[in-house]
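A.B. asks: Numbering (my numbering), first residue to last: 4 to 158.
Once you've had a glance at the structure underneath, I'll fire off some questions.
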């Protein structure tokens with residue numbers, strides 16, 4: 004927070020140094036998603052293009068792995084504004100990215116309500132993604148879908 008305050012009062016160099024240090028310490032404590040959030044804040048400051056690109060790419064990967072959808076969207080917006088392409092194709096295999104996220108969470112044993120809460124969706128939207136996933140994959144049971152997720156969705 005102090006780094007963001009320094010940026011707000013017009014000391015971007017001190018803010019960038021503090022955010023870098025904070026992200027490094029947070030990452031060293033085993034909190035990669037929180038460290039990535041801090042680095043993304045850093046990337047939104049007026050820093051060099053090379054550093055911004057490096058931060059955006061690494062944060063994108065961490066947010067994807069963590070399922071941090073809102074931070075992932077923020078990262079993609081920053082990438083677009085910086086002229087970067089993150090390989091955000093709509094589909095991952097036979098499923099859309101959102102369907103893949105839902106199926107992955109089914110594979111982890113989450114209920115539709117838990118999936119909806121995790122992805123900030125309604126339960127009806129989760130049900131629709133599941134219907135589409137079953138149809139695209141030719142599966143009929145949740146167990147078969149969870150098995151497919153375990154075999155086909157990279158950790």
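Every residue, glycine too, gets a C-beta built ideally from N, C-alpha and C.
1. Under 8 Å: do the stretch 139–148 and the stretch 71–90 share three or more Cβ pairs, one atom per stretch?
2. Applying the 10 Å Cβ sphere with the 16-neighbour rule, what's the burial state of residue 94?
3. Is the stretch 74–82 in contact with the stretch 104–114, if contact means three or more CB pairs nearer than 8 Å?
4. Can you tell me whether residue 98 is helix, strand or coil according to DSSP?
5. Can you tell which of 134, 153, 55, 44 has its C-alpha closest to the C-alpha of residue 86?
6. Buried or exposed: where does residue 114 fall if 16 or more other Cβ atoms within 10 Å of its Cβ makes it buried?
7. Can you check which of these residues, 118, 25, 31, is closest to residue 44 by C-alpha distance?
C.D. replies: Put simply:
1. no
2. As a first step, residue 94 must be located in the chain shown, where it is residue number 91. For residue 94, the predicted model reports a pLDDT of 46, less than 50, meaning its position is unreliable; a value from the coordinates is still stated below. Residue 94 is exposed by the Cβ-count criterion.
3. no
4. On the chain shown, position 95 is the one that residue 98 refers to. In the structure shown, residue 98 sits in a strand (DSSP, three-state: E or B).
5. The residue you call residue 86 lines up with position 83 of the chain shown. Comparing Cα-Cα distances from residue 86 to each of 134, 153, 55, 44, the minimum goes to 55.
6. By 1-based counting over the chain shown, the position of residue 114 is 111. Under this definition residue 114 is an exposed residue.
7. Looking up residue 44 in the chain shown gives position 41. It is 25 whose Cα lies nearest to the Cα of residue 44.
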